[in-house]
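The structure appears right after this line, and notes come after that.
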Amino acid sequence: MAPIRVAIVGLGKIARDQHLGAIEATDGIELVAVASRHAKLDDIACFHEIGDLLASDVKFDAVSLCTPPVGRFEQAKAALDAGKHVMLEKPPGATLSEVYALEKLAKAKGVSLFSTWHSRAAAAVEPARALLAKRKIRSVAVEWKEDVRHWHPGQAWIWEPGGLGVFDPGINALSIVTRILPESFHLTRSELTFPANRAAPIAASLSFETDSGVPVSAEFDWRQTGPQTWDIRAETDEGPIVLTHGGSRLFVDGKSAIVEEDREYRNLYRDFVTLVAESRSDADFSPLVHVADAFMLGRRIQTDVFED
Ligand code: NAP
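If you're matching positions, the sequence shown starts at 438 in this note's numbering and goes up one per residue.
Here is the structure:
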């Protein structure tokens, strides 16, 4: 099969940090264009925005949307309407209704929609899922604490409505938990801490319960300096199963079982190539459902103003 000719839309931090290198390293896909209002690449067709790209004579098969979630719907819709396969950065959109509309449109157009969850592509996630399927789980605790100034320097959109605030990283944890637990779960308590000058939370404290009543807690905080914490700990009848470093390391019953270098985005592009080849979509929006619930049930707590 000829390689998929992909265009990146939104040449910002994640596109440069991960997507460019992952496309380069993946068989079956090649970068042919970029659409970004303030950024360009040498030796690649560059456009101001997706409408200009779609109106051009550049031949391409797919777009990878690396823009912020608010505004991504219009870009994805335009690409799907034009018969292009679409890969969405996480979170897949700003609202639930828009992402379900995209899923429907992709189906109607007969193209692939890939709603990516890069943390699910981390090395320890599938092994943890297999282990948890065989054990009795007593409780699950998520701790996802990082320094917003380091990971999102100067990003204004992330503090606006739809930017998700601390759920921008927190949804990564939820994407792992929704994958590794053998049963579904629902939110029972949500406390959201908002800086006095911001429209999105800087911290969240959540409680969930699985279908059989297993408690799941999650603490998200964007104010952690120094070492960063991206841990998920499941207590089971046979001992703890712990994912650390965002899902790239696994400890089983206190012993290190997996330590792997980061391959998340290479895994995502490999999966995208497979989805397109098999004319399939992968659109699981369950992490975004839990985030929406956290806002619906959230008790608002105000804290100090936040300045970059
Ligand atoms: P970013 O650095 O702000 O880059 C996004 C790019 O999208 C911008 O450079 C901008 O390029 C374009 N854009 C189009 N419309 C925009 C708008 N209304 N406001 C701001 N930018 C707009 O953001 P990012 O960190 O790459 O995040 C993009 C997506 O990747 C988010 O969904 C995020 O959750 C996800 N992600 C980020 C990270 C990370 O570590 N930062 C990690 C994993 C996933 P032009 O101005 O040139 O059009």
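Just so you know, even glycine gets a beta-carbon here, dropped at the ideal spot from N, CA and C.
- The continuous beta strand (DSSP E) containing Glu467 extends over residues Ile466 to Ala472.
- The beta strand (DSSP E) runs lying completely inside the region 514 to 545 and spanning 3 residues or more are 522 to 525, given in chain order.
- Cβ-Cβ distances below 8 Å link Val469 to Arg442, Val443, Ala444, Ile481, Ala482, Val495, Lys496 and Phe497 in the same chain, with the five nearest sequence neighbours on each side left out; the list follows chain order.
- Trp596 sits in a helix when the DSSP states are folded into three classes.
- By the C-beta criterion, the region 444 to 458 is judged not to be in contact with the region 679 to 689, since fewer than 3 inter-stretch pairs fall below 8 Å.
- Per DSSP, Ser552 is one residue of the beta strand (DSSP E) stretching across Leu550 to Ser552.
- The beta carbons of Ala543 and Leu550 sit about 4 Å from each other, so the pair counts as a contact at 8 Å.
- Taking a 10 Å sphere around the C-beta of Met524, we find 16 or more other C-beta atoms and assign the residue as buried.
- Shortest Cα-Cα distance from Gln661 to any of Thr625, Val603 and Leu712 involves Val603.
- Listed as beta-bridge partners of Gly663 by DSSP are no residues whatsoever.
- C-alpha of Val579 to C-alpha of Ser612: approximately 12 Å in a straight line.
- Counted as a single uninterrupted DSSP element, the beta strand (DSSP E) harbouring Pro677 occupies residues Gly676 to Thr681.
- Within the same chain, and ignoring the five residues on either side of Pro564 in sequence, the residues whose Cβ sits closer than 8 Å to its Cβ are Leu687, Ala694 and Ile695.
- Per the Cβ contact rule, the region 724 to 736 is in contact with the region 621 to 633 (3 or more Cβ pairs under 8 Å).
- Between Leu643 and Pro528, the C-beta gap is not smaller than 8 Å, which leaves the two residues out of contact.
- Between Glu526 and Ile466, the C-beta spacing is not below 8 Å.
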